[in-house]
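Scroll down for the structure; my scribbles are underneath it.
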Amino acid sequence: MKIICIGLNYGDHAREMGRTLPDKPVIFLKPDSSLLKNNKPFFIPDFSRNIHYEIEIVLRICKLGRSISEKYACRYYDQLTLGVDMTARDLQSSLSSSGMPWDISKSFDGAAPVGEFIPLQEAGDMNNITFRLEKNGTTVQHGNTSRLIYNFDQIISYVSGFFTLKTGDLIFTGTPSGVGPVNRNDRLTGYIGDRKIIDFMIK
Ligand code: MG
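Using our numbering, the first residue of the sequence shown is number 120, and each one after it goes up by one.
In structure tokens, the structure reads:
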């Protein structure tokens, strides 16, 4: 399976990063070795001094498809969850400022924690899903999918023009503002509405 991620997909986050809004979806990948499931702890890697959380809605692809039109995109995902796009911000900044690919800053082992998958019906209207992240019990990020620059159907249509989507592939759909650092013994808890979806420790 593969993990496809969308960057800068909420205007408030693009602004906090000092970036202009993208005129097309920004795509990057994480390998399957970055997946972290079942609320297992995230271990801070020794190559970074500045690991950031980014809470995101994650879609699970349920059938094979390529070059999918927006109109039919909703047939290609059947479950969603919350994931955290863990980012070595120091590596990302230094690599991107020297014009190099910053893959390693977001694709290292454990950089893709994902929570419990729920059927779409339980999340309600795909264009009005409220979600939030708490760090040590304090809300640090909150978002609503109505604020997505590219919504789920547009994302699936766009990425499937480049990558054949396969059952079990995951799509991280972007983070709202409020990203920030984690430290050892922090606890990250993510909610869709009031339902706890992911809950893990930083070690
Ligand atoms: Mg992200």
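By construction, the Cβ of each residue, glycine as well, lies at the ideal position given by its N, Cα and C atoms.
When the alpha-carbon of Gln198 is set against those of Ser226, Asp222, Gly262 and Phe236, the nearest one is in Phe236.
Annotation: the continuous beta strand (DSSP E) that includes Leu201 extends over Tyr196 to Val203. Within 6 Å of the C-beta of Glu189 there is not a single heavy atom belonging to ligand 1. Under the DSSP assignment, Lys315 falls outside any alpha helix (DSSP H), being part of the beta strand (DSSP E) whose first and last residues are Arg314 to Met320. About 23 Å separates the CB atoms of Leu154 and Val259; that is not less than 8 Å, and the two are not in contact. When DSSP states are grouped into helix, strand and coil, Val177 belongs to the strand group. Under the DSSP definition of a beta bridge, Glu253 partners with Thr258 and Thr308. When secondary structure is reduced to three states using DSSP, Leu127 falls in the coil class, being assigned neither helix nor strand. Residues Ile170, Tyr172 and Ile321 of the same chain have their beta carbon placed closer than 6 Å to that of Val301, with the five preceding and five following residues left out of the count.
Counted as a single uninterrupted DSSP element, the beta strand (DSSP E) harbouring Val145 occupies residues Val145 to Lys149. Taking C-beta atoms as the reference points, Gly256 and Pro295 fail to come closer than 7 Å.
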